[in-house]
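Worksheet for the structure shown next.
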């Protein structure tokens, strides 16, 4: 999946919707501009509910030179995590940049934001 980002020169996101058995039941791809891509959390949750998935996995790229998750990346992942119904799981949100991959959910900022709420 992450090799997909090698060819993309603008920010994009791939969302995998998985069922209880970790089978991918649906995939969504969105494209943005050089610095951002829009995929509202309520849209992600609506899709998850209509596709009978219980797990959500996101990956997006940074077309620049920094794989470090941005403040917006952290805020979006935290908002999605906190908005999910209790029987849903956000598996991870990965940032890909020039072959480097970073987990948004594994950052101190994400953990701190989730603890605040």
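In full-length UniProt numbering, the protein residues as written are 1 to 117.
Here a beta-carbon is modelled for each residue, glycine too, at the ideal position from N, C-alpha and C.
Note that the structure is predicted; figures quoted are calculated from it, not measured.
Item checked: Bridge-paired residues (DSSP) for residue 30 -> 13
Margin query: Quick check on residue 18: buried or exposed, where buried means 16 or more other Cβ atoms within 10 Å of its Cβ?
Written below: buried
Check: Pick from 8, 23, 92 and 117: whose alpha carbon is nearest that of residue 36?
Finding: 8
Item checked: Rounded Cβ spacing between residue 69 and residue 29 (contact assumed at less than 8 Å) -> No, residue 69 and residue 29 are not in contact; Cβ-Cβ is about 20 Å, not under 8 Å.
Notebook entry, point to check: Between residue 83 and residue 45, which are expected to be in contact by the criterion C-beta below 8 Å, what is the C-beta distance as a whole number of angstroms?
Noted result: 6 Å
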